[in-house]
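Engineer: In terms of the numbering used here, the sequence shown opens at residue 1496 and continues consecutively.
Built from N, CA and C at the ideal position, the CB exists for glycine as well.
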Amino acid sequence: MKRSLGMLKKGLGLALGMFLLAGGVLAQSLEVVEAVITTDIIDRVPADAVESYSANVEQLHCFTRVLGATEETAIVHVWFHEGTEVTRMTLPVRSSNWRTWSTKTMSPETAGNWRVEVRDEQGEILKQLSFSLF
1496 MKRSLGMLKK GLGLALGMFL LAGGVLAQSL EVVEAVITTD IIDRVPADAV
1546 ESYSANVEQL HCFTRVLGAT EETAIVHVWF HEGTEVTRMT LPVRSSNWRT
1596 WSTKTMSPET AGNWRVEVRD EQGEILKQLS FSLF
């Protein structure tokens, strides 16, 4: 009986060690199920979806709905203008179904091509959105 218990403990120890080597805590599998560039957010819902808009707009928002968080984590919105990063915003994700957004001030000088990358904490791109201002 003692030998069986000892073998069981060794087996459990080996399994735990393999689990820790494989990535430690269970890796979160975040999924962006909704992402839009919008002119406004009303009651935590995007008012519209922008692909092209006047550069006279005062601000735009990148709205993101994320599924799959098993513990508090974060996503990052990286805003690019004409291929150059202009801002990076880290946003908390506090549940398995979480809505969040970042806001970018615009002006006539910001006309051109834009891209927002939604990344996880490790920097992996989960979603990419493109739009233009004219």
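#1: For Glu1529, which of Gln1523, Ile1537, Ala1544 and Asp1538 has the nearest alpha-carbon?
#2: In chain order, what residues of the same chain lie with their CB nearer than 8 Å to the CB of Gly1618, ignoring the 5 residues before and after it?
#3: Please report how far the alpha carbon of Gln1554 lies from the alpha carbon of Asp1535, in whole angstroms.
#4: Take the Cβ of Glu1567 as the centre, count every other Cβ of all protein chains shown within 10 Å, and call the residue buried at 16 or more, exposed below.
#5: If I'm right that Ala1465 touches Leu1628 with Cβ under 8 Å, what's the distance once you round it to whole angstroms?
#6: Near Ala1510, which residues of its chain fall below 8 Å by C-beta distance, leaving aside the five closest residues on each side in sequence?
#7: So, helix, strand or coil for Glu1612, using DSSP?
#8: In its own chain, which residues sit with a C-beta less than 6 Å from the C-beta of Trp1593, not counting the 5 before and 5 after it?
#9: Along the chain, where does the beta strand (DSSP E) that runs through Ser1524 open and close?
#10: Of all the options Arg1610, Met1584, Gln1523 and Met1601, which has the alpha carbon lying nearest to the alpha carbon of Gly1563?
#11: Is Thr1605 helix, strand or coil when you go by DSSP?
#12: Quick one: grab the DSSP three-state call for Phe1440.
#13: On the criterion of 16 or more Cβ atoms from any shown chain inside 10 Å, does Leu1613 qualify as buried, or is it exposed?
Structural biologist: The relevant details are as follows:
#1: Looking up residue 1529 in the sequence shown gives position 34. With distances taken between Cα atoms, Glu1529 lies closest to Ala1544.
#2: In the sequence shown, residue 1618 corresponds to position 123, counting from 1. Closer than 8 Å at the Cβ level, and outside the excluded window around Gly1618, lie Val1571.
#3: In the sequence shown, counting from the first residue as 1, residue 1554 sits at position 59. In the sequence shown, counting from the first residue as 1, residue 1535 sits at position 40. So the two alpha carbons sit approximately 9 Å from each other.
#4: In the sequence shown, residue 1567 corresponds to position 72, counting from 1. Exposed: under 16 other Cβ atoms inside 10 Å.
#5: This structure leaves residue 1465 out entirely; the chain is present only between 1496 and 1629.
#6: One-based indexing of the sequence shown puts residue 1510 at position 15. The pLDDT assigned to Ala1510 is 47, lower than 50, so where the model puts this residue is not dependable; a value taken from the coordinates is nonetheless given after this. So no residue of the chain qualifies.
#7: Here residue 1612 refers to the residue found at position 117 of the sequence shown. In this structure, Glu1612 counts as strand in the three-state DSSP scheme.
#8: Residue mapping note: residue 1593 aligns to position 98 of the sequence shown, counting from 1. Taken in chain order, the residues that qualify are Val1561.
#9: Numbered from its first residue, the sequence shown carries residue 1524 at position 29. Neither: Ser1524 is in no beta strand (DSSP E) and is coded neither H nor E.
#10: Taking the first residue of the sequence shown as 1, we reach residue 1563 at position 68. The residue with the shortest Cα to Cα distance from Gly1563 is Gln1523.
#11: Within the sequence shown, numbered from 1, the residue matching residue 1605 stands at position 110. Of the three classes helix, strand and coil, the one that applies to Thr1605 here is helix, per DSSP.
#12: Because the chain here runs from 1496 to 1629, residue 1440 falls outside it and cannot be looked at.
#13: Residue 1613 sits at position 118 when you count from the first residue of the sequence shown. It should be pointed out that residue 1613 corresponds to Val in this sequence rather than to Leu. Buried, since its Cβ has 16 or more Cβ neighbours within 10 Å.
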